[in-house]
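Asks: First the structure, which I've put down as structure tokens, then a few questions once you've had a look.
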Amino acid sequence: MPTTVTSKGQVTIPKAVRDLLGLHAGSKVSFRRTRDGRVEIVPQEEVQAKSSFAQYRGHAGAGMDTDAIMALTRDLPAEPDA
Numbered sequence: 147m148p149t150t151v152t153s154k155g156q157v158t159i160p161k162a163v164r165d166l167l168g169l170h171a172g173s174k175v176s177f178r179r180t181r182d183g184r185v186e187i188v189p190q191e192e193v194q195a196k197s198s199f200a201q202y203r204g205h206a207g208a209g210m211d212t213d214a215i216m217a218l219t220r221d222l223p224a225e226p227d228a
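According to the numbering used here, the residues represented by the sequence shown are 147 to 228, in order.
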């Protein structure tokens, strides 16, 4: 499926490839070079899932409000709830 690069460096991803990758308007993609020199286009969701920080998402602490979290980060006593 050949495509043409525009003067701005843009290309149109063929519909069959967009469908295969589940891409739609507004989707983000990344490009990765493989060991054999090829370039892969990867949906951004897949790249984020492999992030070294992914395992820490959602671990701010259950039941803590913003003031309590800020008090912990600033080493201040938390004010009691009113």
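Don't be surprised by glycine CBs; every beta carbon is placed ideally from N, CA and C.
Going by Cα to Cα distance, which pick from R164, T219, G172 is closest to I187?
Replies: R164
Asks: Which of the three DSSP states, helix, strand or coil, is assigned to A217?
Replies: helix
Asks: Rounded to the nearest angstrom, what separates L167 and T149 at their Cα positions?
Replies: Rounded to whole angstroms, L167 to T149 spans 17 Å at the Cα level.
Asks: To the nearest angstrom, how far is the alpha carbon of R178 from that of E191?
Replies: 14 Å
Asks: Cα separation between L169 and G183?
Replies: C-alpha separation (whole angstroms): 24 Å.
Asks: S173 and P189 - do their beta-carbons sit closer together than 8 Å?
Replies: Cβ atoms of P189 and S173: closer than 8 Å.
Asks: Check V163 in the structure and name its three-state DSSP category.
Replies: helix
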